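Residue numbers (this note's numbering), protein chains in the order written: chain A, 9 to 317; chain B, 9 to 317.
Even for Gly, the Cβ is constructed at its ideal location relative to N, Cα and C.
Nothing here was measured: the structure is a model prediction, and the numbers come from that model.
Report on one structure; see the data block that follows.
2 protein chains.
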Amino acid sequence: MKTMYWKDNHLFLLDQTELPDEITYFECKTYKDVIHAIKTMKVRGAPAIGVAAAFGMALAELAGEDLQKAGDEIKAARPTAVNLFWAVDRVFNSDNVLDEALKMYDEDIETNKAIGKYGSTVIDNGDTILTHCNAGALACVDYGTALGVIRAAFHEGKKIKVICDETRPFCQGARLSVFEMQQENIPVKLIVDSAAGRMMQAGKVSKVIVGADRVAKGGVANKIGTLMVALAAKRFNIPFYVAAPKSTFDFENSIYDTEIEEREPDEVLYFGECRVAPEGTEVENPSFDIVPGDLITGIITEEGILEPF
Amino acid sequence: MKTMYWKDNHLFLLDQTELPDEITYFECKTYKDVIHAIKTMKVRGAPAIGVAAAFGMALAELAGEDLQKAGDEIKAARPTAVNLFWAVDRVFNSDNVLDEALKMYDEDIETNKAIGKYGSTVIDNGDTILTHCNAGALACVDYGTALGVIRAAFHEGKKIKVICDETRPFCQGARLSVFEMQQENIPVKLIVDSAAGRMMQAGKVSKVIVGADRVAKGGVANKIGTLMVALAAKRFNIPFYVAAPKSTFDFENSIYDTEIEEREPDEVLYFGECRVAPEGTEVENPSFDIVPGDLITGIITEEGILEPF
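Below is the structure:
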């Protein structure tokens, strides 16, 4: 099962809003279809968004669209993940947009395997690893960043267990990370986000590994909830690792300059068809957290484990 | 709208599992009905559980049941809230079980108003107060503990706003606290639990007030998620208050000896009819957190504001 594939000059995206119940692919015939898929989170996860955006540019070129304009529109689809900007610029500046997108597709898997190789060195036999959101194969083309580290350690024969935060409001942890771990037969448990502190206090967590949407001066931006997990890990002296490709890095800007995407209230107010709160309830729904560098033990990349900068 | 009332020798409990959509009362004809209501959280919140348990004992006495046996069964309904034990013992040792239960019913409201009076002294004009779970009128007979403090400050004319954590898995924040604040016309916003850290980091929270299921040596036990809220408040130098009646205090035991109730996986796996995670997913669902005393600014009681002990 792939997160996306390119066929007959169209991009096919695994519709992650339907997982784990249905495995269906959303066909993108135009770059606007790709923008729609990114906005509605049919495709999500910084690396996957980057490669999808690159293919979006390829669709724009094949249709004879203005690539500058298409690129600007694609970049505006979601504001926080740095990979989106990186990917659009990279294919825009390449000799052949489609070839470059296909190259990025292949590179993504290699990058994640390198992250897995470096990351597995910090995983010990017997570890229980807590993760938040989904930085797995489904957040990438394949294999994953945070879950890639877990995969690598598991396939090296280390006996490990995984705890997934459900990750409200979109439940990427419950729907996607749990599903990925079950597919690999890696022992996995689900908790509500707010139970992570309790699990650590009770001695049930030995490491935390999460992904990142942006790594910049002073820290990391990642899914809402990551900050509170990092604070709990600090309190209970549990190593807190971020796994992210170098394409996620922004060496120029402060992490505190990151635009934090505010998503629709209905993500919080409804769960499928079920309404959670009274009609007309006002909601704040920030989609990302900023985790200060002092809470981060190390950043696992395809080039090795780095310190926050 | 009352959380409970006694009429024609039966106890009527507002069914909180149906809020905010439906206002219906569950009629308890026997003490076993009360146990059922406590277990299924038709009635919840430490003070409300205590008074309901007292009326449960009255039902047992009216039916000629063995009060010792009924008391033991009622105490076993939920293990964490100390009020349950306190209430059963108090009516058991009284001259007249029903009279004592009715007295506790009246006392609860007076106690909460005293908590509100002391608590409002720490609330400033312009404060935005974050609360977790529901320590409101619905957690008591009326008025509330944490939300009682907010009510008192608001009715004294202080301009305040409230942020409610949704409080997974049972969503007492979204369903009950938001509802209570809206009924009073107190400005309120809803967030997912994991966004509390972000709101604090962004300077959008000036105080935190929560309730407690148990106050003992070394800290406080309260709804799962309270620990992570307290850790975030500490990080961002935001005062963190607990509001709780003295009936919640246990001066004998360490808070770390508290039995943490583990509830059903389905609370996490389903949301109404909607399943969140794949079939057969393993879940840990601890219902309470232990918050160490060093994270607590003060404990607001009916006798004044105390330090953790």
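Would you identify the three-state DSSP class for D103 (chain A), choosing helix, strand or coil? coil
Cut-off 6 Å between Cβ atoms - residues of its own chain near A89 (chain A), not counting five sequence neighbours on either side: A54, I57, D221
For T256 (chain B) and I298 (chain B), believed in contact at Cβ under 8 Å, the rounded distance: The pair is not a contact, with the Cβ atoms about 14 Å apart (cut-off 8 Å).
Closer than 8 Å by beta-carbon distance: list the chain B residues that pair up with M9 (chain A), in chain order. Those do not exist, as M9 (chain A) stays about 14 Å from chain B at its closest Cβ, beyond 8 Å.
Within 8 Å (strictly less), CB to CB, does I298 (chain A) reach chain B? yes
Spatial neighbours of K47 (chain A) within its chain, please: C-beta separation below 6 Å, excluding the five flanking residues on both sides. A85
With three or more C-beta pairs closer than 8 Å as the rule, is the region 113–131 of chain B touching the region 146–161 of chain B? yes
Along the chain, which unbroken stretches of the alpha helix (DSSP H) at least 4 residues long are found entirely within the region 173–253 of chain A? 186–191, 204–209, 234–243
Going by beta carbon distance, what residues of the same chain come within less than 6 Å of L314 (chain A), once the five residues before and after it are set aside? I307
If you draw a straight line from the alpha carbon of P346 (chain B) to that of L184 (chain A), how long is it in whole angstroms? Nothing about residue 346 (chain B) can be read from this structure; chain B reaches only from 9 to 317.
Distance between beta carbons of T305 (chain B) and P253 (chain B), contact taken as under 8 Å: Incorrect: roughly 18 Å between the Cβ atoms, too far for contact.
I need the boundaries of the beta strand (DSSP E) containing Y33 (chain A), first residue and last residue. 33–36
Does the region 27–34 of chain A come into contact with the region 60–70 of chain A, if we say contact requires no fewer than three beta-carbon pairs (one atom in each stretch) closer than 8 Å? no
Minimum length 4: unbroken alpha helix (DSSP H) runs contained in the region 55–138 of chain B: 75–83, 90–100, 105–127
What does the alpha-carbon distance come out to for the pair E311 (chain A) and V157 (chain A)? 14 Å
Which residues in chain B sit within 7 Å of A182 (chain A), going by Cβ to Cβ distance? V284, A285
Which residues does DSSP list as the beta-bridge partners of M12 (chain B)? B:L21
On the CB-based measure, 16 or more other CB atoms within 10 Å of its CB, does S128 (chain A) come out buried or exposed? buried
Answer yes or no: does any C-beta atom of chain A fall closer than 8 Å to that of S202 (chain B)? yes
Beta carbon of F162 (chain A) nearer than 8 Å to that of I199 (chain A): no
Between Y249 (chain A) and V130 (chain A), is the Cβ-Cβ spacing less than 8 Å? yes
Using a Cβ-Cβ distance cut-off of 8 Å, determine whether F279 (chain B) contacts chain A. yes
Sequence-distant residues of its chain with Cβ nearer than 8 Å to S262 (chain B) (five each side left out): A224, K225, G226
With 16 as the cutoff for other CB atoms within 10 Å, does F259 (chain B) come out buried or exposed? exposed
Mind checking which residues open and close the beta strand (DSSP E) that includes E260 (chain A)? 257–262
Under 8 Å, do V216 (chain B) and I246 (chain B) count as touching if we go by C-beta distance? yes
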